[in-house]
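Numbering (my numbering), first residue to last: 265 to 513.
Ideal Cβ placement from N, Cα and C applies to all residues, glycine included.
Since the structure is predicted, the reported quantities are computational estimates derived from the model, not experimental observations.
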Amino acid sequence: MSDEVRPPRTAVVIPAAGRGVRLGPGAPKALRTLNGTPMLIHAVRAMAASRAVSLVVVVAPPDGAGEVKNLLDAHALPERTDYLVVPGGDTRQESVRLGLEALPEGITTVLVHDAARPLVPVDTVDAVIEAVRDGAVAVVPALPVADTVKEVEPAERPGDPEQVVATPVRARLRAVQTPQGFDHDTLVDAHATIALTGEGATDDAGMVERLGAPVVVVPGHEEAFKVTRPLDLVLAEAVLARRRANDGF
């Protein structure tokens with residue numbers, strides 16, 4: 265083959281192997297429904313809404329890959345985007361690594377997206393991809409922090425008062441969202457280099473930081489919030505209802 269420049273290709277890895285214990289008993293968090301559709305399907309559609317995304321890899325619970333594949337097959341998804349389901353590991357870090365290993369050759373940009381952020385707008389997805397294609401090796405969407413944040417010394421017993429040890433300057437703080445975007449080789453290097461300890465890393469950009477590589481921030485969006493607790497489900501339903509009213513979504 266000649267040395268012609270190939271067009272950049274973007275893939276998304278969605279780790280969806282977690283149990284979602286904070287939402288209570290029942291189905292895994294990614295399979296909880298919003299407006300009758302599993303959160304995972306909303307998240308996949310949000311990623312596939314970007315015309316730059318050519319492949320979405322869903323990392324399923326180790327014993328649930330078949331169920332997740334059936335779920336994807338049962339819902340209408342954009343035809344221009346390919347889908348792949350692979351079994352995950354015991355931790356998010358391990359699951360992301362398994363998703364990376366499943367990517368075909370030719371992928372230059374990788375997004376990692378939380379299945380529990382089902383409503384991220386396509387403009388946010390495109391902004392992350394564009395920043396990577398413009399030369400950033402790691403990009404995170406983020407919002408300014410509205411609340412004053414205190415650093416504390418954790419109490420030995422739950423419920424006990426905790427001693428404040430510092431008050432970070434709020435103007436320098438950002439609440440990070442997903443999708444996080446990466447140069448493919450940089451993210452693969454991070455997962456090969458940063459040891460899996462305890463429950464593993466929950467922030468891929470943090471792993472790249474530990475390599476000493478620069479991470480940049482682009483504006484996030486208030487609708488890219490993480491659905492973690494029952495109240496978040498109520499808020500997500502309200503966002504969907506507003507979208508349906510505004511644009512027939």
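Beta-carbon separation (whole angstroms), residue i vs residue j, contact threshold 8 Å
| i | j | result |
| --- | --- | --- |
| Phe446 | Asp468 | 7 Å |
| Val350 | Glu487 | With a Cβ gap of about 28 Å, Val350 and Glu487 do not count as contacting. |
| Thr515 | Ala380 | Outside the displayed range of the chain (265 to 513) lies residue 515, so it cannot be described from this structure. |
| Ala402 | Val479 | 4 Å |
| Thr457 | Leu475 | 6 Å |
Beta-carbon proximity check, residue i vs residue j, cutoff 8 Å
| i | j | result |
| --- | --- | --- |
| Val429 | Glu417 | yes |
| Val481 | Leu364 | no |
| Ala281 | Ala324 | yes |
| Ile371 | Leu335 | no |
Of the residues the options, the one placed nearest residue i, counting alpha carbons only
| i | options | result |
| --- | --- | --- |
| Val322 | Ala465, Ala406, Glu331 | Glu331 |
| Leu405 | Asp390, Val440, Arg397 | The displayed chain sequence assigns Pro, not Leu, to residue 405. Among Asp390, Val440, Arg397, the Cα nearest to that of Pro405 belongs to Val440. |
| Val409 | Val389, Asp390, Arg438 | Arg438 |
| Leu362 | Gly370, Gly353, Pro368, Glu369 | Gly353 |
| Arg315 | Ala505, Val452, Val389 | Val389 |
| Arg508 | Pro272, Ala294, Pro279, Leu298 | Leu298 |
| Met471 | Gln444, Met303, His485 | Gln444 |
| His485 | Thr457, Ala459, Leu407, Lys333 | Leu407 |
Residue i burial status per 10 Å Cβ neighbour count (16 or more: buried)
| i | result |
| --- | --- |
| Asn510 | exposed |
| His339 | exposed |
| Glu501 | exposed |
| Thr466 | exposed |
| Gln427 | exposed |
| Thr528 | Residue 528 lies beyond the residue range present for the chain, which begins at 265 and ends at 513; the question has no answer from this structure. |
| Val413 | exposed |
| Thr355 | buried |
| Thr373 | buried |
| Val433 | exposed |
| Pro523 | Absent from the model: residue 523. The displayed extent of the chain is 265 to 513, so no value can be given. |
| Thr345 | buried |
| Arg506 | exposed |
| Ala454 | buried |
| Pro382 | buried |
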